[in-house]
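Shown next, in structure tokens, is the structure this report addresses.
In the numbering used here, the protein residues as written are 5 to 184.
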């Protein structure tokens, strides 16, 4: 149990960028300690994305339950959130005081691409495992759609989530019925 607390505390401490930034830590945790397989990690991501609440908390809960049952499912998200809570309490006043500082702006600007790099490092192996059974035009089509979505993300963020879910549903049906 202490290992689980430590691993999720470490994940919460170093996963800057939100819930998706926890994916590389969870992948490593599953690989190192055998708490869950990569396929189970994919399931965790899918379940976490489709349930209400912060994805990081949902994934920690799911991972904790997979690792050791209900008790671990309660302890894992608490361990994940605790470092952030400590840090926010400690530096909230400093950030407010130095918000206009060019140094603070540069620090925050630097953290964005670092977070994107962490997320990309986790997502690429996941995409590879998603496409392990399909080949050819299907993969190219999915990569094209993901690339388009990536570049249109600012516009998509302004859409109601229902439209995005409906669009993903329609694309999923099309790819399911079209055989290459």
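For every residue, glycine included, the Cβ atom is placed at its ideal position computed from N, Cα and C.
- Per the Cβ contact rule, the region 22-41 is in contact with the region 57-74 (3 or more Cβ pairs under 8 Å).
- Exclusion of the five residues before and after residue 99 leaves 108 as the residues of its chain whose Cβ lies within less than 8 Å of its Cβ.
- A Cβ-Cβ contact shorter than 8 Å links residue 175 with residue 149.
- For residue 11, the closest alpha carbon among the candidates 118, 83, 44 and 21 is that of 83.
- In the DSSP assignment, residue 163 falls outside any alpha helix (DSSP H), carrying neither H nor E.
- Residue environment: residue 56 is assigned as exposed (fewer than 16 neighbouring CB atoms within 10 Å of its CB, all protein chains considered).
- In the DSSP assignment, residue 63 falls within the alpha helix (DSSP H) that extends over 59-72.
- Under the three-state reduction of DSSP output, residue 56 falls in the coil class, being neither helix nor strand.
- At a Cβ-Cβ threshold of 8 Å, residue 9 and residue 79 count as neighbours.
- Contact between residue 39 and residue 67 holds: CB atoms are separated by about 6 Å, below the 8 Å threshold.
- Nearest Cα to residue 45 within the set 129, 13 and 181: 129.
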